[in-house]
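See structure below.
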Amino acid sequence: TVNATYAVIWSGYCQEHGHEPLTAGECQSAMSAFEDLDKYDGACHWLGTHSSDRFPSGCYLDGPDCDSNGVAFNEEPYWYASICSETQPCLCKVEPLSTYAPTDGPT
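Okay, so the sequence shown: first residue is 23 according to the numbering used here, each after it adds one.
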């Protein structure tokens, strides 16, 4: 699921989907993006920052919904961490498309 700024992914990791990972600060500010999805009921709460290979790297929802769990940030690099999944979806930053500005060609 993608909005203009964030994408929620349920498999792999942000870079694999062409997105950028969020920082911890961005994650905490952006966690309402999980709340905007119809799949999640209730307000998400912030669980904090940690480092573990048992959770997805970056910003993720720790559990199936916002009601029973919250959003956390895992500092572990994606190559050591678990992948995003249905039970632990990740929030990624959607990079804006670069603007193509043609240059003057030969005359």
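Glycine included, each C-beta is placed from N, C-alpha and C at the ideal position.
| query | result |
| --- | --- |
| In DSSP terms, what alanine 94 is bridged to | Gly70, Tyr82 |
| Presumed contact (8 angstroms Cβ cut-off) between tyrosine 82 and alanine 94, rounded CB distance | 6 angstroms |
| Per DSSP, cross-strand counterpart(s) of cysteine 106 | Gly34 |
| Cysteine 49, enclosing alpha helix (DSSP H) - first and last residue | 46-52 |
| Residues bridged to proline 43 [DSSP beta-bridge criterion] | Cys114 |
| Cysteine 88 to histidine 39 span [Cα, whole Å] | 23 angstroms |
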